[in-house]
Amino acid sequence: MSALPQPSGSHSDIFDEIDELRRKRNAVILAHYYQEPDIQDLADFIGDSLQLAKAARDTTADVILFCGVHFMAEGAKILNPERIVLIPDMNAGCSLADAAPAKRVAAWKAEHPGSVLVSYINCSAGVKAVSDIICTSSNSERVIASIPEDKKILFCPDRNLGRWLMRRTGRDMELWPGTCIVHETFSEQKLVKLKVRHPDAKVVAHPECEENLLRYADFVGSTSQILKYATTTTDADTFIVGTEPGILHQMQKAAPDRTFLPLPGMDETCACNECPHMRLNTLEKIRDALRDLHPRIEMPEDLRLAALKPLQRMMDLG
Ligand code: 13P
Ligand code: SF4
72 MSALPQPSGS HSDIFDEIDE LRRKRNAVIL AHYYQEPDIQ DLADFIGDSL QLAKAARDTT
132 ADVILFCGVH FMAEGAKILN PERIVLIPDM NAGCSLADAA PAKRVAAWKA EHPGSVLVSY
192 INCSAGVKAV SDIICTSSNS ERVIASIPED KKILFCPDRN LGRWLMRRTG RDMELWPGTC
252 IVHETFSEQK LVKLKVRHPD AKVVAHPECE ENLLRYADFV GSTSQILKYA TTTTDADTFI
312 VGTEPGILHQ MQKAAPDRTF LPLPGMDETC ACNECPHMRL NTLEKIRDAL RDLHPRIEMP
372 EDLRLAALKP LQRMMDLG
């Protein structure tokens, strides 16, 4: 496990408390790139959804504290049921997962016998349980390529990722009408203004963005893929970033001489480009969760086993 980094400013007491509890509980702290910088700095592992799922599956720690949203922590429990899985705030949901109630998705699938239901990992265990295979934004093209050409594909719950995949793979798919409340808020007008002010900047975007925004993107990928491109490509040194701005923390750390410009939302008066679910997690809640071993992810074993099947199918693709 990595040594705790130096705390920034006034948080040193709580950093120490968390570190002591982490040792006492033999816990691993996993964090998504959309967490606030302090949380990223104290994590043992930071990654995109797929990387975090693999880290959760492979850990031998007794406790997994998942600093992300509910479907991510639930995925950790599905993959590694022997561990105690904690989430700092049980209310940290996801608009995509909320857009797809399991019963309605099951009914949709039943209306299309013989089709293959591909679900984005941003969904509940109940939706996973009725899916044929899961994908994340980093492996979605590979997952679609694994499905025989003659099979009809149903894609759920992210309409924008689905549309992007249809363009990338040339496969026709029926799409569930879910969207991410963060990525749908980005403004095309503000993107164009930034482009005018920074004509040499490259635009990087997450495939959860609306189609009109993705048209401007020089690179589209998962959070880790965007991070890698923007910090290593020699094509530019300024980047307009079309995803949740939490990721700028790792970008600035990896490439301090580059300029990363977060794409604002349409409404100037709110920080709508920040995920309100991800940002529910705080240092205090992390400390309390490790101290109390609560809030804890639990689920019935039959649901876990049913949800594991399509997740495992994805993992088996490599
Ligand atoms: P990544 O798998 O790209 O990290 O995406 C997770 C997510 O929720 C994006 O909004
Ligand atoms: Fe869900 Fe969007 Fe937040 Fe990602 S950014 S967790 S897709 S609401």
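Residue 103 in my numbering sits at position 32 of the sequence shown, and the numbers go up by one each step.
All C-beta atoms, glycine included, are put in the ideal place defined by N, C-alpha and C.
For clarity, every value in this text was computed on a predicted model and none was experimentally measured.
- Distances from the CB of Thr250 to the heavy atoms of the ligand 13P are all 6 Å or more.
- Counted as a single uninterrupted DSSP element, the beta strand (DSSP E) harbouring Glu245 occupies residues 244 to 246.
- Relative to the ligand SF4, the beta carbon of Cys206 is positioned no closer than 6 Å to any heavy atom.
- Leaving aside the five residues that flank Leu265 on each side, the residues in its chain whose CB is nearer than 8 Å to its CB run, in chain order, Ala272, Ile311, Leu332, Leu334.
- The secondary-structure analysis by DSSP pairs Gly233 with nothing; it has no beta-bridge partner.
- A Cβ-Cβ distance of about 7 Å is found for the pair Ala98 and Asp133, placing them in contact under the 8 Å criterion.
- Checking the 6 Å criterion, the Cβ of Glu345 is out of range of every heavy atom belonging to the ligand SF4.
- Comparing alpha carbon positions, the residue from Tyr287, Phe86, Ala200 closest to Lys180 is Ala200.
- Closest option to Asn352, judged by alpha-carbon separation, among Asp328, Ala127, His141: His141.
- Membership of Ser190 in the beta strand (DSSP E) is indicated by the continuous run 187 to 191.
- In this structure, the C-beta of Leu167 approaches the ligand SF4 to less than 6 Å from one of its heavy atoms.
- Under the three-state reduction of DSSP, Gly389 is assigned to coil, being neither helix nor strand.
- In the structure shown, Ala163 adopts coil according to DSSP, grouped into three states.
- Taking all protein chains shown into account, Lys148 has 16 or more neighbouring C-beta atoms within 10 Å of its C-beta and is therefore buried.
- Cβ-Cβ separation between Pro278 and Ser208: approximately 5 Å, consistent with a contact (criterion under 8 Å).
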